[in-house]
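Position in the sequence shown counted from 1, then plus 72, gives you our numbering. Backbone N, C-alpha and C fix where the C-beta goes; we use that ideal spot for every residue, glycine too.
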Amino acid sequence: MRVRDELRMNVNQQPHMASPYGQPQPGYQGYPQPGYGGGHVPSGYPAQYAPYNGPGSAYQQGPPQGMRGPPTSGAPPVSGAQNYSQFGQGETQNGPPPMGAPPQRLPVSQPYTPAVVNLSGPQPPYDQQFGAPPVSMQQMTNQMASMQVGSTAPSPAGPGYAPPSVSQAPISSAYTPAAPPTFSLASTAPTQPPPTEAMAQAPPRSYYGAPPPAQQPFPNAAQPFSSTGPTQPQAPPPVSQQSFSQVPPVSQPPFSTALPPGPTQSYGGPLPPTQPSFPRPPLPTSQLSNFPGGPPPTSTPSQLPGGMQPQPPVSQPSPYHSGPPPNTTGFPPQVGAPPRPPLAGMQGPPPMASQGPPMAQANHVPPSQPGMPPSPINAALSGPPPQPGMQGYPPQQNGAFGQVRGPQPGYAGPYSGQPNYGAPPAAPAPAPAAPKRLDPDSIPSPIQVIEDDKANKGSEPFTTGVRGQAPPLVTTKFQARDQGNASPRYIRCTAYNMPCNADMAKQSQVPLAAVIKPLATLPPDESPPYLVDHGETGPIRCNRCKAYMCPYMQFIEGGRRFQCGFCSCVTEVPPHYFQHLDHTGKRVDCYDRPELSMGSYEFVATVDYCKNNKIPQPPAFIFLIDVSYNAVKNGMVGIVCQELKTLLDYLPRQNPDVESNIRVGFVTYNKVLHFYNVKASLAQPQMMVVSDVADMFVPLLDGFLVNVSESRMVIESLLDQIPEMFADTRETETVFGPVIQAGLEALKAADCAGKLFVFHSSLPIAEAPGKLKNREDKKLVGTDKEKSLFQPQVSFYNTLAKDCVVQGCCVDLFIFPNQYVDVATLGVVPTSTGGSIYKYTYFQASTDQERFLNDLRRDVQKQVGFDAVMRVRTSTGIRATDFFGSFYMSNTTDVELAGLDCDKTVTVEFRHDDKLSEETGALMQCAVLYTSCNGQRRLRIHNMAVNCCSQLADLYRNCETDTIINFFVKYAYRSILSSPTKNVRDSLVNQCAQILACYRKNCASPSSAGQLILPECMKLLPVYLNCVLKSDVLQPGADVSLDDRAYLRQLVSAMDVAESHVFFYPRLLPLQQLDVESMSLPVAVRDSEERLSRGGVYLLENGLNIFLWVGVNAQQELLQNIFGTTAFSQIDPGMTSLPALDNPFSKRLREIIESVRAQRSRYMKLMVVKQEDKLELIFKHFLVEDKSNNGGASYVDFLCHMHKEIRQLLS
């Protein structure tokens, strides 16, 4: 049986029935709910329909001694007043639901409707044919006791029957009532009314699992509240971890204590005849890996006593406990338990199956968050609920093959025609009840995938020598070893198996692209690229395509000639480069020469590679400071001048032991420009004013650009005087275009490349070239004219940018706006020259100084190349057709960057122009010619070889979702310059649906249309794409300014994959689980409000901000350790740094924040957010799995939408 790499989910678009037969409803006392402690009532009634009058006096974790396993159909619990509505969409009901006419059931002959079908996940490998229904409850449980349902072979006794397995614990101790995973509320954000889409009304309760005042913790529940605060029921253990003392048949809910009560009549009442309507073929063994995490381990202990907890999966420790989570799963984990059947009428999305190579990870639980109660699957998609043994992944009938049967509308039993013991035959059912929400734990979890990858690929070094091997994810810490392909730190591809021809590429719609970061910083344990100097002859190249010597060149004729791997042209080897070949045809000096054995290396470029054929001058840095009223008043001018005194000692240099030979110059400006002569021979700096801004020139040559060490005294004197000179200024107007022109002219006069650091505060409205007007118009948002807001107002800056690139003048812009400054226009020059924009809205020295200074220090010190040109060559069959990033292109092949730093990426899209062969694969070579910071001209070469495939399945097996998303974002963010944002969003959804529909149609095994099937390596495509779709740029909230959108658009266009990943799916760390002894971080939790515990403290980072969210019930000890106070009310939400307290927790937390900041290219300001505080709205904006205020869909809803799109394409 071949195992596929895919994730299968049952999803259907019908509205959902009321809660299925045999499943406890969300409002019952005694069932774990998000707001309750997580214990259970004893289940099982001696006779059918015995009434249940409220919770017992003492809650028991297990049933009374000797009680048999879960009864099949007991009475509906009639509890005391319950805050529970079983209606959706705003209808509420207080008190117990009326016990009116018994709900009706459909006859067995109800026609099978594929639309509502859904089962995906393991099924028993035997034909399940049961005899007549037992007459009494006791007889029923006895019959169940003699059956074992699991993935074992049928016993001789007949299909489906076997003596109880020896591994089962004694009935009295092994059975503890399970937390039924059917809460329709667990998945809604408790702090807000449930989305009207598809949910039952939530009972009133406090946020995040704190118990309501009247509810006492259950005495026997295992730790209902841990030391770190309230908890929520944990998701059930993995399927193979559970066995029941009496195993119910798959076709009936393992713990159905009763019919759900209620006036809705889509379930209940009589049972159909028990004969199954069709036999089930055995389950293919490969199907057991149909959970996103791969199969659960089969060796998990069945010995856990009822009170002990199974540990949460490695990838998702419970966010609510520092200790093991409470065992709310019900049955002690035992081997071989059956998955719970799907619920009737449960139309909810994607149960999923990741059919494919199991990921090596302990506990393979799907993404459920331990500590969160599982909730039913629904949301206008049809599919079963999470199963007790499956933690959220429903069973799939018949494996992936054959007919998949599922719940019928209005039909309460698990499957139509399946035995449902203990009730009389059915009558027709009325209209279905309101739809419910799909359980978020049953859909692919980014955290699970990230943790699995860390476990699988984080321990071994990644060697690049194997062609077409996908690297570890950007979230995994790994060591790369260059063995002939560039490290993934330099190049990441969307697909490592490229389609052989254009038709296949078009059919799949998978983008073929590479995200290249030519000057990436490497970790200390990896060696930087070797520098190769061939002397005056320069690097060896192919005669025809000009590709540089690399491991893909084939030496022939005893080493006298070589054949190019890119164009197949044969070139003579120069005599000085000749070397003999060994018996394999390799040069004997192969491993002595980096260009013959490495994926990345540098050549020293000869004078032929220099502009005007002369060796370049060392570059210069020019600081241009706005001294208008706003800039002086907010403290920016004083801070910049003070910082530059020390920062100038840290200018970039090639050799850390030698001082930098970068020269510096200074300009201040408002409506006019002030140049400063800081020549070393002067006692005081001299100021020269240029007021004719319409025709900019530099009034002095000698003394403007100087060496720091020679002119130190004069420079320091100047930096002391500038804030004093302009302290009382009343000038509010500024210019901007002439400022850049001034820097450009100065570099031209000095005949060198360089960088301008512009510190600017307001919209340039003074009369001058590049003057702008305020064009902010919120009324255009969402209209066809919205695109004009992202385009520059005037063409002046495009022309200026082109001039800057020609000179090698890179511009970095630091803006400090208090109102609209038209970032879309001001950003043209920085983004076209390879520069950066840093934005500090409403800058206040007290709170923003730290962030600004850290950004400035890093920006000045980081490694940068000047006057760079990049070209990407490819082997015959594909070519680079499109480029994304911060650069300028004067032709179709050369990417020109006035400056290229270690954070900048260029994304390149490839298209076929011929067929590729599977034998040779596809090759690409990125060559960057640049001037290093000490003035040396260099060539940096990165080579990459990927496989080619003629089967779509191979393409889908080797893609990288993070890189695909990086490409999609850049493509979309560029598209909004020319198309309405709605069209851009629609085209993204459409392309993603086409990718997944192509996989479903051509690579997945046959199955019901109601299943959503995702390729294993793309199962996170929907969640990440949804984050992109509802980002501020594509779907802004009312509070997002146009400047912010333009800023983010420009920022993201040069991001690498690691930055775009955390930007769109922020990292959320539960600090209450922090182990101060360990160097490892607590495992992140998913970005959803329901994952937050009132008793916890969480750290969220997205590359631009760090939030510290504090729950109202956070433990006093935790607050004391972090803030030095035990009172929640005394925490100051205005603090931007944590107090340095003398305790291990405080030290470790501050280390973590510093290390997280060190990983990002921008300094992240810390914001403390107290739960229920006004700042919490900002924080919630980053909980990207939830529905957003700006109309963005939740992950669950988007997955349903995505499935609908795929089905439309397939039909």
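Can you list the beta strand (DSSP E) stretches of 3 or more residues lying completely in the stretch 1104 to 1136, in chain order?
-> Assignment of beta strand (DSSP E) within the stretch 1104 to 1136, counting only whole runs of 3 or more residues, yields no such run.
By how many angstroms is the C-alpha of Q1202 removed from the C-alpha of V538?
-> In the sequence shown, residue 538 corresponds to position 466, counting from 1. In the sequence shown, residue 1202 corresponds to position 1130, counting from 1. Between the alpha carbons of V538 and Q1202 lies a distance of about 57 Å.
Can you tell me which of C1272, R1009, N1262 and Q1107 puts its alpha carbon nearest to the alpha carbon of V676?
-> Stepping through the sequence shown from its first residue, residue 676 is reached at position 604. Selection C1272, R1009, N1262 and Q1107 evaluated against V676 yields R1009 as nearest (Cα-Cα).
Identify, in the order they occur along the chain, each residue of the same chain with its Cβ nearer than 8 Å to the Cβ of S860, setting aside the five sequence neighbours on each side.
-> Numbered from its first residue, the sequence shown carries residue 860 at position 788. Only L852 meet the Cβ criterion.
Could you please give the first and the last residue of the uninterrupted beta strand (DSSP E) stretch that includes I812?
-> Along the sequence shown, read from residue 1 onward, the residue named residue 812 stands at position 740. Here I812 belongs to no beta strand (DSSP E); instead the alpha helix (DSSP H) covers G809 to A822.
Using the C-alpha atoms, what's the distance from F798 back to S700?
-> The sequence position of residue 700 within the sequence shown is 628, counting from 1. The sequence position of residue 798 within the sequence shown is 726, counting from 1. Spanning the two alpha carbons is a distance of roughly 8 Å.
Coil, strand or helix - T953 by DSSP = Stepping through the sequence shown from its first residue, residue 953 is reached at position 881. DSSP, reduced to helix, strand and coil, places T953 within a strand of the structure shown.
Would M961 be called buried (16 or more neighbouring beta carbons within 10 Å of its own) or exposed?
-> As a first step, residue 961 must be located in the sequence shown, where it is residue number 889. The residue is exposed, with fewer than 16 neighbouring Cβ atoms inside 10 Å.
Who pairs with A692 in a beta bridge, going by DSSP?
-> Residue numbering aside, residue 692 sits at position 620 when the sequence shown is read from its first letter. As computed with DSSP, A692 is found in a beta bridge with R735 and G826.
Nearest-angstrom Cα separation, counted from C614 out to E1173 | Indexing the sequence shown from 1 puts residue 1173 at position 1101. Indexing the sequence shown from 1 puts residue 614 at position 542. Those two C-alpha atoms are separated by around 47 Å.
From which residue to which residue does the beta strand (DSSP E) around N1015 run?
-> To locate residue 1015, count along the sequence shown from 1; it is residue 943. Per DSSP, the continuous beta strand (DSSP E) segment holding N1015 begins and ends at R1009 to C1021.
Would you mind reading off the limits of the beta strand (DSSP E) that contains G971?
-> What you label residue 971 is simply residue 899 of the sequence shown in a count that begins at 1. Bounds of the beta strand (DSSP E) holding G971 are V967 to D973.
Rounded distance between the beta-carbons of L898 and F808, thought under 8 Å = Taking the first residue of the sequence shown as position 1, residue 808 is located at position 736. Taking the first residue of the sequence shown as position 1, residue 898 is located at position 826. Going by Cβ atoms, the distance from F808 to L898 rounds to 6 Å, so yes, they are a contact pair.
If you run the structure through DSSP and keep just helix, strand and coil, what is G1263?
-> Taking the sequence shown and counting its residues from 1, the one referred to as residue 1263 is at position 1191. Secondary structure at G1263: coil, using DSSP grouped into helix, strand and coil.
What are the partner residues of P571, as DSSP defines its beta bridges?
-> Taking the sequence shown and counting its residues from 1, the one referred to as residue 571 is at position 499. Partner(s): C1021.
Are P810 and M760 close, meaning C-beta to C-beta below 8 Å?
-> By 1-based counting over the sequence shown, the position of residue 810 is 738. By 1-based counting over the sequence shown, the position of residue 760 is 688. With respect to the 8 Å criterion, P810 and M760 are not classified as neighbours on the basis of their beta carbons.
Can you tell me whether F202 is buried or exposed, with buried defined as 16 or more other CB within 10 angstroms of its CB?
-> By 1-based counting over the sequence shown, the position of residue 202 is 130. Residue placement at F202 is poorly supported in this model, since its pLDDT is 42, which falls under 50; the coordinates still yield a value, given next. With 16 or more other CB atoms across the displayed protein chains lying within 10 angstroms of its CB, F202 is buried.
Nearest CA to the CA of D1128: which residue from E968, W1181 and T977?
-> Here residue 1128 corresponds to residue number 1056 of the sequence shown, with the count starting at 1. The shortest C-alpha separation from D1128 is found at T977.
Would you call the stretch 596 to 616 and the stretch 1048 to 1055 touching, i.e. three or more CB-CB distances under 8 Å?
-> Counting C-beta pairs with one atom in each stretch, the stretch 596 to 616 and the stretch 1048 to 1055 have fewer than three that are closer than 8 Å, which means they do not touch.
Give the straight-line distance between the Cα atoms of D721 and N1015, rounded to the nearest whole angstrom.
-> Your numbering for residue 721 matches position 649 in the sequence shown. Your numbering for residue 1015 matches position 943 in the sequence shown. Distance from the CA atom of D721 to the CA atom of N1015, rounded to whole angstroms, is 36 Å.
On the three-state DSSP scale, how would you describe Y910?
-> The residue labelled residue 910 in the question sits at position 838 within the sequence shown. In this structure, Y910 counts as strand in the three-state DSSP scheme.
Exposed unless 16 or more other CB atoms sit within 10 angstroms - verdict on V1148 | As a working mapping, residue 1148 is identified with position 1076 in the sequence shown. By the beta-carbon neighbour count (other beta carbons within 10 angstroms, threshold 16), V1148 is exposed.
Could you say if the stretch 961 to 971 and the stretch 1105 to 1114 meet the contact criterion of at least three C-beta pairs nearer than 8 Å?
-> In the pairwise beta carbon analysis, the stretch 961 to 971 is classified as not touching the stretch 1105 to 1114: fewer than three pairs are separated by under 8 Å.
Report the partner residues of Q758 according to the DSSP bridge assignment.
-> Residue mapping note: residue 758 aligns to position 686 of the sequence shown, counting from 1. Answer is N749, bridged to Q758.
Tell me, please, whether the stretch 977 to 987 touches the stretch 939 to 959 by the rule of three or more beta-carbon pairs shorter than 8 Å.
-> At 8 Å Cβ cutoff, the stretches touch.
Write down the C-beta distance between I612 and Y649 rounded to the nearest angstrom, noting that I regard them as a contact closer than 8 Å.
-> What you label residue 612 is simply residue 540 of the sequence shown in a count that begins at 1. What you label residue 649 is simply residue 577 of the sequence shown in a count that begins at 1. Confirmed, Cβ separation roughly 6 Å.
Option in V1184, I1085, R1220 and P1205 with minimal Cα separation from I1278 = The sequence position of residue 1278 within the sequence shown is 1206, counting from 1. Ranking V1184, I1085, R1220 and P1205 by Cα distance to I1278 puts I1085 first.
In or out: R1263 buried (at least 16 other Cβ within 10 Å) or exposed?
-> On the sequence shown, residue 1263 is found 1191 positions in, with the first residue counted as 1. Strictly speaking, residue 1263 in this sequence is Gly, with Arg absent from that position. Exposed, since its Cβ has fewer than 16 Cβ neighbours within 10 Å.
Could you check which residue in R1012, L1249, E1032 and D1269 has the C-alpha nearest to that of A558?
-> What you label residue 558 is simply residue 486 of the sequence shown in a count that begins at 1. Ranked by Cα distance from A558, the options R1012, L1249, E1032 and D1269 are led by R1012.
Taking C-beta to C-beta, are R1229 and M1239 nearer than 8 Å?
-> As a first step, residue 1229 must be located in the sequence shown, where it is residue number 1157. As a first step, residue 1239 must be located in the sequence shown, where it is residue number 1167. Going by C-beta atoms, R1229 is not nearer than 8 Å to M1239.
E644 - DSSP class collapsed to helix/strand/coil = In the sequence shown, residue 644 corresponds to position 572, counting from 1. In this structure, DSSP gives E644 an extended state, which the three-state scheme calls strand.
Are Y1096 and L1141 closer than 8 Å when you measure CB to CB?
-> The residue you call residue 1096 lines up with position 1024 of the sequence shown. The residue you call residue 1141 lines up with position 1069 of the sequence shown. No, the Cβ-Cβ distance between Y1096 and L1141 is not below 8 Å.
Between which two residues does the alpha helix (DSSP H) containing F1039 stretch?
-> What you label residue 1039 is simply residue 967 of the sequence shown in a count that begins at 1. Per DSSP, the continuous alpha helix (DSSP H) segment holding F1039 begins and ends at T1033 to S1047.
Coarse secondary structure for V1167, derived from DSSP in three states | In the sequence shown, residue 1167 corresponds to position 1095, counting from 1. Here the sequence assigns Gly to residue 1167, which means Val is not the residue at that position. G1167: coil per DSSP, three-state reduction.
Please name the residue in T806, S753, L1213 and Q1231 whose C-alpha comes closest to that of S763.
-> Within the sequence shown, residue 763 is the residue found at index 691, counting from 1. Comparing Cα-Cα distances from S763 to each of T806, S753, L1213 and Q1231, the minimum goes to T806.
Should L937 go down as buried or exposed, given a rule of 16 or more other Cβ atoms within 10 Å for buried?
-> Along the sequence shown, read from residue 1 onward, the residue named residue 937 stands at position 865. Note on identity: in this sequence residue 937 is Gly, with Leu being the wrong assignment. By the Cβ-count criterion, G937 is buried, with 16 or more other Cβ atoms from all chains shown falling within 10 Å of its own Cβ.
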